[in-house]
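Per the working numbering, numbering through the sequence shown is continuous, rising by one, with the last residue being 424.
Virtual Cβ for every residue (Gly too), placed ideally from N, Cα, C.
A quick note: this is a predicted structure, and the numbers were derived from the prediction, not measured.
To keep things clear, I will list the structure first and then write my remarks on it.
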Amino acid sequence: MSRHPRLSAAAEALPASLFARLYERLARFQGDVIPLQIGDTYLPPAVRLPDLDLGIDRELYPYAPPQGWAPLVDRLVDKVRTRNQIPVTHDGVQVTCGATHALACAVGALLDPGEEIILLTPHWPLIRGIAQSRSVVPVEVPFTLPLLGGDDAAEVLRHVIRPQTAAIYLCTPNNPDGLVLDDHTLGVIAEVAQRHDLWVLADEAYEDYVYQGQHRSIASLPGMAERTVTVYSFSKSYAQAGLRVGYAVGPSQAMAAVRKMANHSVYNVPQAMQKAALGSLERGAPFLADARVRYQAARDRAHATVAAPALLPQGSTYLFLDLSAWCPEPDCAMGVLENIAEAGVLLAPGAPFGEVYGKWARLCFTAVDQARLDEGIGRINRVLDGLPRTE
Ligand SMILES: Cc1ncc(COP(=O)(O)O)c(C=O)c1O
34 MSRHPRLSAA
44 AEALPASLFA
54 RLYERLARFQ
64 GDVIPLQIGD
74 TYLPPAVRLP
84 DLDLGIDREL
94 YPYAPPQGWA
104 PLVDRLVDKV
114 RTRNQIPVTH
124 DGVQVTCGAT
134 HALACAVGAL
144 LDPGEEIILL
154 TPHWPLIRGI
164 AQSRSVVPVE
174 VPFTLPLLGG
184 DDAAEVLRHV
194 IRPQTAAIYL
204 CTPNNPDGLV
214 LDDHTLGVIA
224 EVAQRHDLWV
234 LADEAYEDYV
244 YQGQHRSIAS
254 LPGMAERTVT
264 VYSFSKSYAQ
274 AGLRVGYAVG
284 PSQAMAAVRK
294 MANHSVYNVP
304 QAMQKAALGS
314 LERGAPFLAD
324 ARVRYQAARD
334 RAHATVAAPA
344 LLPQGSTYLF
354 LDLSAWCPEP
364 DCAMGVLENI
374 AEAGVLLAPG
384 APFGEVYGKW
394 ARLCFTAVDQ
404 ARLDEGIGRI
414 NRVLDGLPRT
424 E
């Protein structure tokens, strides 16, 4: 049987972007397009490349160590031990091309094809495709809404662990709804992981943006460091998304496997970018303090003014909007988002955050400055005002 031109099943399983339809409608708009769909910031980065001595000729062109640039790795060991209270050793750190690459390496290192990874939803959309690209089966478990409805995490998780379950992915503070997992909930997840002998993938990309509650790393709980790989990102913390620097930390043996995955996918992260990341760790405290105040103000204002209901996010940089009042059919939020795109505002459709979120949309309140955020929300509200409500 001829093989060419059939593509891999894993590639075929990856979902196509939903944005094409929105871009078509956006093309009809003349004027300032307000991109609230993307998880980014209007702030200039904590540290810029021209502010650094990059040693361009010596350091930019040769290969660099696959684990990461030694001064950065040393600093990360320190940061993770003191700040996150994770007892990591030097070989338990891997510098990656963003947290995206860290998670891809971790999934490849920890799970076999056909095994299941539980995604506590709503979840960061790319984790689903990362699993599928390795032929790992993503299993969505609605989490935030049951918890807010009064269910205990133990109740929610009780029925979803099966023999083929190998890992639980959690994100705190969560993208897209900003939920910060409290100590009780983290304790329950830890207990389930230990009882069923599962890996935990902890995505803490938004650890620096918490407005209520306190960020805690699940790997700092008793018995969890040896079964958890935790990922972080300079994209979110220090407004350096384009540099593509993140890192994974975990137990040495697992991290040796994560390192092999990183080695066989990108070999090394560009050293100049790692220098900029280290610069942020060393000099970024004033940036973080300022960004937190601005982001919290943007959160409060966006939450108070947007017409669609949303949970007040305890952390992260998003509002997750419930558009069901404007949606008679399942998944019809796309129609609403097309109308909003025609008004020159982009929002991220809810379905990729979880199957049950077809009537939701995500708004990033840090993507543009306050004036443009106000303008964008004003346009969203005018569109919603013009649509019939289902209730
Ligand atoms: C929850 C979460 N994890 C991971 C990432 C990936 O970040 P990076 O830019 O470091 O790859 C993102 C980016 O949006 C995110 O929101």
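DSSP-derived helix/strand/coil call for residue i
i: Tyr271; result: coil
i: Ala200; result: strand
i: Asp236; result: strand
i: Ala376; result: coil
i: Ala343; result: strand
i: Asp355; result: strand
i: Arg395; result: strand
i: Tyr390; result: helix
i: Pro99; result: coil
i: Val80; result: coil
i: Ser266; result: strand
i: Pro68; result: strand
i: Pro382; result: strand
i: Pro56; result: For clarity, residue 56 is Tyr in the given sequence; the question names Pro instead. Correct three-state label for Tyr56: helix.
i: Tyr280; result: strand
i: Gly368; result: helix
i: Gly256; result: coil
i: Gly409; result: helix
i: Thr338; result: helix
i: Thr177; result: helix
i: Val106; result: helix
i: Val243; result: strand
i: Gly183; result: coil
i: Gly419; result: helix
i: Gly317; result: coil
Own chain partners of residue i with C-beta closer than 6 Å, once the 5 adjacent residues on each side are dropped
i: Val225; result: Leu190
i: Asp236; result: Cys204, Val264
i: Val389; result: Pro175
i: Leu314; result: Arg108
i: Ala290; result: Ala142
i: Leu214; result: Thr205
Buried versus exposed, by CB contacts within 10 Å (16 or more), residue i
i: Tyr242; result: buried
i: Val326; result: exposed
i: Tyr56; result: exposed
i: Ile67; result: buried
i: Gln307; result: buried
i: Tyr96; result: exposed
i: Ala165; result: It should be pointed out that residue 165 corresponds to Gln in this sequence rather than to Ala. Gln165 should be labelled buried.
i: Arg61; result: exposed
i: Glu149; result: buried
i: Tyr239; result: buried
i: Leu385; result: Here the sequence assigns Pro to residue 385, which means Leu is not the residue at that position. Counting Cβ neighbours within 10 Å, Pro385 comes out buried, since at least 16 surround it.
i: Asp210; result: buried
i: Ile222; result: buried
i: Thr218; result: buried
Check: residue i C-beta below 7 Å from any heavy atom of ligand 1
i: Asn117; result: no
i: Gly72; result: yes
i: Gly283; result: no
i: Ser50; result: no
i: Cys397; result: no
i: Cys138; result: no
i: Cys365; result: no
i: Gly162; result: no
i: Ala132; result: yes
i: Ser268; result: yes
i: Asp241; result: no
i: Ala274; result: yes
i: Gly383; result: no
i: Ala238; result: yes
i: Gly279; result: yes
i: Cys428; result: Because the chain in this structure spans residues 34 to 424, residue 428 falls outside the shown range and cannot be described.
i: Asn414; result: no
i: Trp157; result: yes
i: Asn208; result: yes
Sequence-distant residues of its chain with Cβ nearer than 8 Å to residue i (five each side left out)
i: His229; result: Ile194, Thr198
i: Val106; result: Gln100, His123, Val126, Val128
i: Leu321; result: Ala79, Asp241, Ser270, Tyr271
i: Val401; result: Ile67, Pro68, Leu69, Tyr75, Gly409
7 Å CB neighbourhood of residue i in its chain, flanking five on each side removed
i: Phe176; result: Leu153, Thr154, Val189
i: Pro78; result: Tyr271, Ala272, Gln273
i: Thr261; result: Val233, Ala235, Ile251, Ala252, Gly283
i: Leu85; result: Lys308, Ala309, Gly312
i: Ala343; result: His336, Leu352, Phe353, Leu354, Asp355
i: Pro104; result: Leu311
8 Å Cβ cutoff, residue i in contact with chain B
i: Ala79; result: Absent here is chain B; the protein component of the structure consists of one chain.
With a floor of 3 residues, list each beta strand (DSSP E) that falls wholly inside the segment 203-231, ordered by position along the chain. none
Residue ranges of each alpha helix (DSSP H) run of no fewer than 4 residues wholly in the segment 109-174, ordered along the chain? 131-143, 158-166
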